[in-house]
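Below: one structure, written as C-alpha cells.
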Amino acid sequence: MAKTMDVLLKGAGTFDGTDVAAYKAQGGYQALERVLGMSDQAVLDELLKAELRGRGGAAYPAGRKWSQMYKIPITPKYIVCNADEGEPGTFKDRELLRDMPLKVIEGMTIAGRVLHSARGFIYIRGEYRAIQRVFQKAIDNAVKAGYLGKNICGVEGFDYTITIISGAGAYVCGENSALLNSIEGRAGRPRIKPPHLAEVGLYKKPTLVNNVESYADLTVIYTQGADAFLELGVPGSGGTKLVCLSGNVKNRGVYEVGLGKVTLRELIFDPAFGGGIPDGKELSFYHLGGQSGPIGFPEQLDTVYDHDSLWDAGLSVGSGAVVVADGDVCIVDYCRKVMEFFVHESCGKCTPCRIGTMRVLELLTDLCEGRGRPGDTDRLERAITQISALSACGLGQSANKAIRSCLAHRREDFLAHEQGKCPAGSCAMKGGEGA
Amino acid sequence: MKQIFLEEMSAEEKRAVIRKHGGETEQLLSVLLELQSLSRRSYIDEATAAVVADEMGLSLAHVHDVITFYAMLSAQPRGRYVLEVCTSASCYLVKSQRVIGWLEEELGISLGETTGDGLFTLTTTPCVGACDIGPVVKVGDAVYGNLDRDAVRRLVAELRAM
Numbered sequence: 129m130a131k132t133m134d135v136l137l138k139g140a141g142t143f144d145g146t147d148v149a150a151y152k153a154q155g156g157y158q159a160l161e162r163v164l165g166m167s168d169q170a171v172l173d174e175l176l177k178a179e180l181r182g183r184g185g186a187a188y189p190a191g192r193k194w195s196q197m198y199k200i201p202i203t204p205k206y207i208v209c210n211a212d213e214g215e216p217g218t219f220k221d222r223e224l225l226r227d228m229p230l231k232v233i234e235g236m237t238i239a240g241r242v243l244h245s246a247r248g249f250i251y252i253r254g255e256y257r258a259i260q261r262v263f264q265k266a267i268d269n270a271v272k273a274g275y276l277g278k279n280i281c282g283v284e285g286f287d288y289t290i291t292i293i294s295g296a297g298a299y300v301c302g303e304n305s306a307l308l309n310s311i312e313g314r315a316g317r318p319r320i321k322p323p324h325l326a327e328v329g330l331y332k333k334p335t336l337v338n339n340v341e342s343y344a345d346l347t348v349i350y351t352q353g354a355d356a357f358l359e360l361g362v363p364g365s366g367g368t369k370l371v372c373l374s375g376n377v378k379n380r381g382v383y384e385v386g387l388g389k390v391t392l393r394e395l396i397f398d399p400a401f402g403g404g405i406p407d408g409k410e411l412s413f414y415h416l417g418g419q420s421g422p423i424g425f426p427e428q429l430d431t432v433y434d435h436d437s438l439w440d441a442g443l444s445v446g447s448g449a450v451v452v453a454d455g456d457v458c459i460v461d462y463c464r465k466v467m468e469f470f471v472h473e474s475c476g477k478c479t480p481c482r483i484g485t486m487r488v489l490e491l492l493t494d495l496c497e498g499r500g501r502p503g504d505t506d507r508l509e510r511a512i513t514q515i516s517a518l519s520a521c522g523l524g525q526s527a528n529k530a531i532r533s534c535l536a537h538r539r540e541d542f543l544a545h546e547q548g549k550c551p552a553g554s555c556a557m558k559g560g561e562g563a
Numbered sequence: 220m221k222q223i224f225l226e227e228m229s230a231e232e233k234r235a236v237i238r239k240h241g242g243e244t245e246q247l248l249s250v251l252l253e254l255q256s257l258s259r260r261s262y263i264d265e266a267t268a269a270v271v272a273d274e275m276g277l278s279l280a281h282v283h284d285v286i287t288f289y290a291m292l293s294a295q296p297r298g299r300y301v302l303e304v305c306t307s308a309s310c311y312l313v314k315s316q317r318v319i320g321w322l323e324e325e326l327g328i329s330l331g332e333t334t335g336d337g338l339f340t341l342t343t344t345p346c347v348g349a350c351d352i353g354p355v356v357k358v359g360d361a362v363y364g365n366l367d368r369d370a371v372r373r374l375v376a377e378l379r380a381m
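As you go down the protein sequences, you meet chains A and B in turn. Here the first sequence stands for residues 129 to 563, numbered as in my numbering. Here the second sequence stands for residues 220 to 381, numbered as in my numbering.
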C-alpha cells in the first residue's frame with residue numbers, strides 16, 4: 129500500500145521554521161539534548177546502526193564517514209553542509225532549507241558536538257538567494273536561544289557557529305572538493321583525490337561534508353533511536369527519502385517515502401504520488417537521481433525504491449530526483465540534452481571530461497539531425513566508457529550513466545537514428561523520418 | 220527610495236557594500252553577487268573588480284577567475300533584467316523551448332541577445348531547483364513558473380513598467 133510518510137517534513141509550512149520555540153514545540157532540539165547525554169562512541173555507534181546512507185547522491189554510509197573522520201587526530205575540524213542542490217530535477221533540499229532550517233541546523237550542531245568541531249559552513253546554491261535569507265534568520269534565532277555560539281545548552285566549552293556561503297551557479301560545486309574550494313573563495317574546480325577530505329579538506333583541515341537531508345535525518349535518528357529509523361526503511365537503507373517528481377507527471381512535487389516501502393510504479397502512477405502521465409500519454413522512461421543518474425524504463429517499474437534494490441536493477445536513488453518522460457520524447461534527443469548539460473557544466477580541468485563530453489554531444493547532435501552514420505552507436509559507447517574511466521571527478525565519471533542505460537535497454541533507437549529514423553517521431557531529420 | 224546603481228557609486232561606496240559581508244575571502248561570491256545586483260547592466264566591471272580585489276586582499280586575476288568561472292556572474296554588460304529560461308531535463312520535458320520562442324517574440328531579440336534599450340538579456344540556465352513549476356524563467360532572485368503564452372506577456376510588461 130503506497131503512502132507518503134510524514135517524518136522529515138512533518139509540519140512543514142504550518143509553523144515558522146526559523147522560530148526556535150515553534151520548532152521545539154514540534155519536537156525540535158530533543159535530538160541534540162539526547163546526544164549531549166551520550167558518549168561520542170555511543171553516538172557514532174547509533175549512526176552506524178541506523179544505516180543512514182548519504183542523501184546527496186553518492187549514498188555513502190554516513191556512520192562510516194563520521195567514524196573515519198572521528199579517528200583523525202588533526203584539529204581544527206570543519207563541518208560542511210552541501211546545499212548546492214544542482215542536480216536537475218532535484219528540489220527537496222529547498223523544502224528543508226525553507227521550511228525546516230532549524231532541523232538542518234540541529235543536525236549540523238550534532239555533527240559539531242560529536243566530531244569536536246567549532247565551525248560549520250552551509251554552502252547554499254546562489255539560485256536560492258531568498259532561502260539563504262530565511263536560513264540566516266534561523267541561525268540568528270538559534271544564536272539568541274543559546275543553540276549556537278558559546279557554551280551551547282549551557283555545556284561548558286561546547287562552542288559552535290554556522291556560516292552561510294553562497295554559490296553562484298556552478299553544478300560542479302556539488303562535488304565536495306570543488307565545494308570546499310568555492311568556500312575558500314576560489315573557482316570551484318575539484319581537487320585530485322586522495323588525500324580525502326576527511327584528512328585534508330577545508331583550509332587543508334579534516335572536513336565532514338554531508339547533504340542537507342542527511343543532517344536533517346540525524347534529528348530523527350537521535351530522537352527516535354537507530355532501531356526506529358531503520359524501521360522506517362529497510363536493512364541497508366534506513367529512514368525515509370525525499371523524492372522529487374517532475375517532468376511529464378500529473379502531480380509534480382516533493383514526496384517523503386520510506387525506503388524500500390514503495391515501487392517505482394507506485395511513485396509514478398499512484399494518485400498519492402505522481403498520479404500517472406498527463407494528457408493520456410504513455411510512460412516512455414524516467415531519469416533517476418539527476419543528470420548523473422541512470423535512466424529506467426517501463427519494464428523496471430516494479431523495482432522497489434531503496435538503494436540496494438535499485439542498484440540490483442541497474443538504477444539508483446541518487447539525489448532523489450525522478451524525472452518522467454512521456455512517449456512523445458525521443459530517447460536519443462533526451463540523451464543529447466543530458467550531454468548538453470555536462471558540456472556546459474564541465475569545469476574544464478581534465479581533458480577526458482572537457483573534450484569527451486563535447487565529442488559525445490556532437491555525435492548525439494548528428495544522430496538527432498539526420499547526420500548519423502553506421503557505427504555511431506558503437507562510437508558513442510566507446511566514448512562514454514572512456515570519459516567515465518578517465519575523468520578526474522564524479523562529474524565526468526558519471527556523465528555516461530544516462531546514455532549507458534539507454535544503450536542497454538533501447539539500443540535499437542540509436543541504431544534507427546544511424547539510419548536517419550526517429551522512432552518517437554520527434555527529431556527533425558533532414559531526409560529522414562521525422563514527425 | 221531612489222535606487223543607486225553600481226555605475227554611479229564611488230569606490231568608497233563600493234567598499235562599504237563589500238565590508239557589510241565581513242571581509243573574509245569566504246564571502247567573495249556573496250560580495251560579487253550583491254555588487255552585480257546593483258549594476259544597471261547586471262555585470263561586474265573591471266574597476267569594481269579591482270576595488271573588490273584591493274578591499275579583500277586578493278589579486279585582480281583571482282577575482283577575475285572567480286567572476287568568469289561562475290555562471291551567475293558576468294564580466295560583460297548585460298540587460299538590467301537577465302531572463303534566464305531553464306532548459307534542464309524537467310523543464311525541457313514540459314517544453315521550455317516554447318518559452319524561449321515566446322520571449323523572443325515579446326522582446327524582439329534572439330536567444331543570447333540584449334535589447335537595444337539595455338533593459339533585457341535573453342539567455343538560458345541549467346536547473347534552478349523549481350522543477351515542480353516548470354517551465355520556468357529566472358529573473359534576478361525571482362523564479363516565475365508554470366509559464367504559458369499569457370504569463371510570458373504579463374511578465375515582460377511588468378518588468379518594463381518597473
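Think of the CB as a built atom: it goes at the ideal place given N, C-alpha and C, for glycine as much as any other residue. The structure presented is a predicted model; accordingly, all values stated were derived computationally and were not measured.
Compare the beta carbon distance of residue i and residue j with 8 Å and say whether it is the shorter of the two.
| i | j | result |
| --- | --- | --- |
| Gly446(A) | Gly476(A) | no |
| Val375(B) | Leu326(B) | yes |
| Val358(B) | Leu366(B) | no |
| Ile531(A) | Cys463(A) | yes |
| Gly353(A) | Pro229(A) | no |
| Leu292(B) | Gln255(B) | yes |
| Ser261(B) | Glu226(B) | no |
| Leu573(A) | Leu336(A) | The requested residue 573(A) does not occur in the structure, where chain A is confined to residues 129 to 563. |
| Asn379(A) | Gly403(A) | yes |
State the DSSP-derived secondary structure class of residue i, mapped to helix, strand or coil.
| i | result |
| --- | --- |
| Pro189(A) | strand |
| Thr218(A) | coil |
| Gly424(A) | strand |
| Phe143(A) | coil |
| Gly404(A) | coil |
| Glu324(B) | helix |
| Ala230(B) | helix |
| Val362(B) | strand |
| Arg183(A) | coil |
| Arg247(A) | strand |
| Val452(A) | strand |
| Tyr343(A) | helix |
| Glu303(B) | strand |
| Glu490(A) | helix |
| Val457(A) | coil |
Starting from the C-beta of residue i, find all residues in its chain whose C-beta is less than 7 Å away, skip the five residues before and the five after it, and write them out in chain order.
| i | result |
| --- | --- |
| Ala296(A) | Gly254 |
| Thr347(A) | Ala159, Lys231, Glu234, Gly235 |
| Val371(B) | Val318, Trp321, Leu322, Glu325 |
| Ser374(A) | Gly217, Arg380, Val451 |
Sorted by chain position, which residues of the same chain lie with C-beta nearer than 8 Å to residue i's C-beta, five sequence neighbours on each side aside?
| i | result |
| --- | --- |
| Ala272(B) | Ser278, Leu279, His281, Val282 |
| Glu223(A) | Leu137, Ala140, Leu370, Val382 |
| Gly242(B) | Glu274, Met275 |
| Leu523(A) | Tyr299, Val300, Glu303, Pro318, Ser420, Phe470, Glu473, Ser474, Cys475, Cys481 |
Please compile the residues from chain B whose C-beta is within a distance smaller than 8 Å of the C-beta of residue i.
| i | result |
| --- | --- |
| Cys372(A) | Cys350, Asp351 |
| Pro216(A) | Ser307, Ala308, Ser309, Pro345, Cys346, Cys350 |
| Arg291(A) | Arg is not the amino acid found at residue 291(A); the sequence shown has Thr there. Simply Glu245. |
| Glu312(A) | Thr244, Glu245 |
In chain A, what lies closer than 8 Å to residue i by C-beta?
| i | result |
| --- | --- |
| Lys239(B) | Going along chain A, no residue has its Cβ under 8 Å from Lys239(B), so there is no contact; the nearest lies around 13 Å. |
| Met381(B) | Within chain A, no residue comes near Met381(B); the closest Cβ sits about 18 Å away, beyond 8 Å. |
| Asp360(B) | Arg257, Ala258 |
| Leu357(B) | The identity of residue 357(B) in the sequence shown is Lys, whereas the question assumes Leu. By Cβ distance, chain A contributes Glu255. |
| Leu252(B) | Gly254, Arg257, Ser294, Ala296 |
Anything in chain B within Cβ reach of residue i, meaning under 7 Å, just list it in chain order.
| i | result |
| --- | --- |
| Ala315(A) | Asp284, Val285, Phe288 |
| Lys465(A) | Ala308, Tyr311 |
Starting from the beta carbon of residue i, find every residue of chain A whose beta carbon is closer than 7 Å, and list them in chain order.
| i | result |
| --- | --- |
| Ser249(B) | Ser294 |
| Val318(B) | Neighbours of Val318(B) on chain A: none; closest Cβ ~15 Å, over 7 Å. |
| Met291(B) | Gly254, Ala296, Gly297 |
Identify, in the order they occur along the chain, each residue of the same chain with its Cβ nearer than 6 Å to the Cβ of residue i, setting aside the five sequence neighbours on each side.
| i | result |
| --- | --- |
| Tyr363(B) | Val356, Leu374 |
| Ser195(A) | Leu172 |
| Ile405(A) | Asn376, Leu411, Asp454 |
| Ala269(B) | Leu279 |
Under 9 Å between beta-carbons, which chain B residues line up against residue i? List them in chain order, please.
| i | result |
| --- | --- |
| Arg319(A) | The contacting residues do not exist; Arg319(A) stays about 15 Å from chain B at best. |
| His545(A) | Those within 9 Å of His545(A) in chain B number zero; the least Cβ separation is about 18 Å. |
Take every Cβ of the region 275–284 of chain A, pair it with every Cβ of the region 230–240 of chain A, and state whether three or more of those distances are shorter than 8 Å.
-> yes
Is the region 448–462 of chain A close to the region 404–418 of chain A, with three or more CB pairs under 8 Å?
-> yes
Where the region 431–455 of chain A meets chain E: residues whose CB sits under 9 Å from a CB there | No chain E is present in this structure, whose protein chains are A and B.
Is the number of C-beta pairs between the region 232–244 of chain B and the region 539–559 of chain A that are closer than 8 Å three or more?
-> no
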